[in-house]
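Heads up: the structure comes next, in C-alpha coordinates.
In this note's numbering, the protein residues as written are 55 to 185.
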(Lines of atoms letter the chains of each structure in order from A; the text may use other names.)
(Lines give C-alpha, C1' and ligand atoms only; values in the text may rest on other atoms or scores of the structure.)
Protein backbone atom coordinates (compact mmCIF):
# COMPACT_ATOMS: atom_id res chain seq x y z
CA UNK A 55 0.00 0.00 0.00
CA UNK A 56 2.87 2.35 0.78
CA UNK A 57 4.36 1.84 -2.68
CA UNK A 58 1.01 2.72 -4.27
CA UNK A 59 0.71 5.93 -2.24
CA UNK A 60 4.16 6.98 -3.45
CA UNK A 61 3.49 6.06 -7.07
CA UNK A 62 3.27 8.56 -9.91
CA UNK A 63 -0.20 7.28 -10.77
CA UNK A 64 -1.58 8.07 -7.31
CA UNK A 65 0.15 11.49 -7.26
CA UNK A 66 -1.22 12.52 -10.67
CA UNK A 67 -4.69 11.24 -9.82
CA UNK A 68 -4.65 13.16 -6.53
CA UNK A 69 -3.46 16.37 -8.18
CA UNK A 70 -6.16 16.06 -10.86
CA UNK A 71 -8.72 15.60 -8.08
CA UNK A 72 -7.41 18.74 -6.34
CA UNK A 73 -7.64 20.72 -9.58
CA UNK A 74 -11.23 19.54 -9.95
CA UNK A 75 -12.01 20.54 -6.37
CA UNK A 76 -10.57 24.00 -6.99
CA UNK A 77 -12.83 24.38 -10.04
CA UNK A 78 -15.82 23.24 -7.95
CA UNK A 79 -14.96 25.63 -5.11
CA UNK A 80 -14.59 28.51 -7.55
CA UNK A 81 -17.92 27.67 -9.16
CA UNK A 82 -19.68 27.61 -5.80
CA UNK A 83 -18.10 30.94 -4.81
CA UNK A 84 -19.06 32.55 -8.12
CA UNK A 85 -22.60 31.17 -8.02
CA UNK A 86 -23.97 34.27 -6.34
CA UNK A 87 -22.77 36.59 -9.11
CA UNK A 88 -25.23 36.83 -11.96
CA UNK A 89 -22.67 38.10 -14.46
CA UNK A 90 -20.51 34.98 -14.22
CA UNK A 91 -21.50 31.72 -15.87
CA UNK A 92 -20.47 29.24 -13.18
CA UNK A 93 -22.02 26.19 -14.85
CA UNK A 94 -18.85 25.63 -16.91
CA UNK A 95 -16.64 25.54 -13.83
CA UNK A 96 -19.13 23.35 -11.98
CA UNK A 97 -19.27 20.79 -14.82
CA UNK A 98 -15.52 20.79 -15.47
CA UNK A 99 -14.77 20.57 -11.74
CA UNK A 100 -17.04 17.56 -11.28
CA UNK A 101 -15.60 15.87 -14.39
CA UNK A 102 -12.03 16.50 -13.20
CA UNK A 103 -12.82 15.02 -9.77
CA UNK A 104 -14.13 11.89 -11.48
CA UNK A 105 -11.11 11.85 -13.78
CA UNK A 106 -8.68 12.18 -10.86
CA UNK A 107 -10.22 9.20 -9.11
CA UNK A 108 -10.15 7.22 -12.35
CA UNK A 109 -6.49 8.07 -13.03
CA UNK A 110 -5.57 6.95 -9.51
CA UNK A 111 -7.42 3.64 -9.90
CA UNK A 112 -7.42 2.76 -13.63
CA UNK A 113 -4.93 5.05 -15.29
CA UNK A 114 -5.48 4.23 -19.00
CA UNK A 115 -9.23 4.85 -18.78
CA UNK A 116 -8.53 7.98 -16.73
CA UNK A 117 -6.37 9.38 -19.51
CA UNK A 118 -9.10 8.77 -22.04
CA UNK A 119 -11.62 10.43 -19.75
CA UNK A 120 -9.30 13.42 -19.32
CA UNK A 121 -9.10 13.72 -23.11
CA UNK A 122 -12.89 13.67 -23.37
CA UNK A 123 -13.20 16.32 -20.64
CA UNK A 124 -10.61 18.53 -22.34
CA UNK A 125 -12.27 18.14 -25.75
CA UNK A 126 -15.64 19.04 -24.22
CA UNK A 127 -14.12 22.10 -22.54
CA UNK A 128 -12.54 23.25 -25.79
CA UNK A 129 -15.82 22.71 -27.64
CA UNK A 130 -17.85 24.56 -25.02
CA UNK A 131 -15.41 27.47 -24.92
CA UNK A 132 -15.32 27.83 -28.70
CA UNK A 133 -19.12 27.60 -28.86
CA UNK A 134 -19.60 30.18 -26.12
CA UNK A 135 -16.86 32.69 -27.01
CA UNK A 136 -15.75 31.89 -30.55
CA UNK A 137 -12.15 32.80 -31.27
CA UNK A 138 -12.07 35.69 -28.78
CA UNK A 139 -8.45 35.51 -27.61
CA UNK A 140 -9.25 37.26 -24.33
CA UNK A 141 -11.72 34.57 -23.28
CA UNK A 142 -9.90 31.40 -24.34
CA UNK A 143 -6.92 31.38 -21.91
CA UNK A 144 -8.91 31.70 -18.65
CA UNK A 145 -11.08 28.75 -19.61
CA UNK A 146 -8.48 26.46 -21.15
CA UNK A 147 -5.02 27.23 -19.74
CA UNK A 148 -5.14 25.03 -16.63
CA UNK A 149 -6.70 22.09 -18.48
CA UNK A 150 -4.22 22.18 -21.35
CA UNK A 151 -1.20 22.71 -19.07
CA UNK A 152 -2.09 19.77 -16.81
CA UNK A 153 -2.98 17.67 -19.87
CA UNK A 154 0.49 18.33 -21.29
CA UNK A 155 2.10 17.25 -18.02
CA UNK A 156 0.00 14.08 -17.92
CA UNK A 157 0.86 13.35 -21.55
CA UNK A 158 4.57 13.77 -20.86
CA UNK A 159 4.38 11.40 -17.87
CA UNK A 160 2.03 8.84 -19.42
CA UNK A 161 4.56 6.00 -19.67
CA UNK A 162 5.63 6.44 -16.06
CA UNK A 163 2.04 6.63 -14.81
CA UNK A 164 0.54 3.85 -16.91
CA UNK A 165 3.16 1.60 -18.46
CA UNK A 166 2.05 -0.41 -21.45
CA UNK A 167 1.38 -4.08 -20.94
CA UNK A 168 4.18 -6.31 -22.09
CA UNK A 169 3.67 -9.70 -23.67
CA UNK A 170 4.30 -12.61 -21.36
CA UNK A 171 5.57 -15.91 -22.66
CA UNK A 172 8.03 -17.17 -25.21
CA UNK A 173 8.94 -15.03 -28.15
CA UNK A 174 7.42 -16.10 -31.40
CA UNK A 175 9.77 -15.96 -34.33
CA UNK A 176 8.36 -14.41 -37.44
CA UNK A 177 9.81 -14.99 -40.85
CA UNK A 178 11.11 -18.04 -42.65
CA UNK A 179 12.17 -21.07 -40.68
CA UNK A 180 15.93 -21.68 -40.44
CA UNK A 181 17.38 -24.25 -42.82
CA UNK A 182 19.08 -27.32 -41.51
CA UNK A 183 22.77 -27.08 -42.10
CA UNK A 184 24.63 -30.35 -42.51
CA UNK A 185 28.41 -30.62 -42.60
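Note that the Cβ used here is the ideal one computed from N, Cα and C, for glycine as well. None of these values were measured; they are calculated from a predicted model.
What did DSSP end up calling residue i once you bin it into helix, strand or coil?
i: residue 181; result: coil
i: residue 163; result: helix
i: residue 154; result: helix
i: residue 139; result: coil
Using 8 angstroms for Cβ pairs, my map puts residue i next to residue j. What's the rounded Cβ distance?
i: residue 99; j: residue 74; result: 5 angstroms
i: residue 149; j: residue 108; result: At roughly 16 angstroms, the Cβ-Cβ gap does not stay under 8 angstroms, so residue 149 and residue 108 are not in contact.
i: residue 62; j: residue 162; result: 5 angstroms
i: residue 94; j: residue 130; result: 6 angstroms
i: residue 133; j: residue 160; result: Actually they are not in contact, since the Cβ atoms of residue 133 and residue 160 sit about 29 angstroms apart, beyond 8 angstroms.
Please confirm whether residue i has its beta-carbon closer than 8 angstroms to some beta-carbon of chain B.
i: residue 118; result: You won't find chain B in this structure, because it holds only one protein chain.
*Counting only runs of 4+ residues fully inside the segment 59-131, write out the alpha helix (DSSP H) ranges in chain order.*
As summarised for the segment 59-131, the continuous alpha helix (DSSP H) elements at least 4 residues long and confined to that stretch are 62-84, 93-111, given in chain order.
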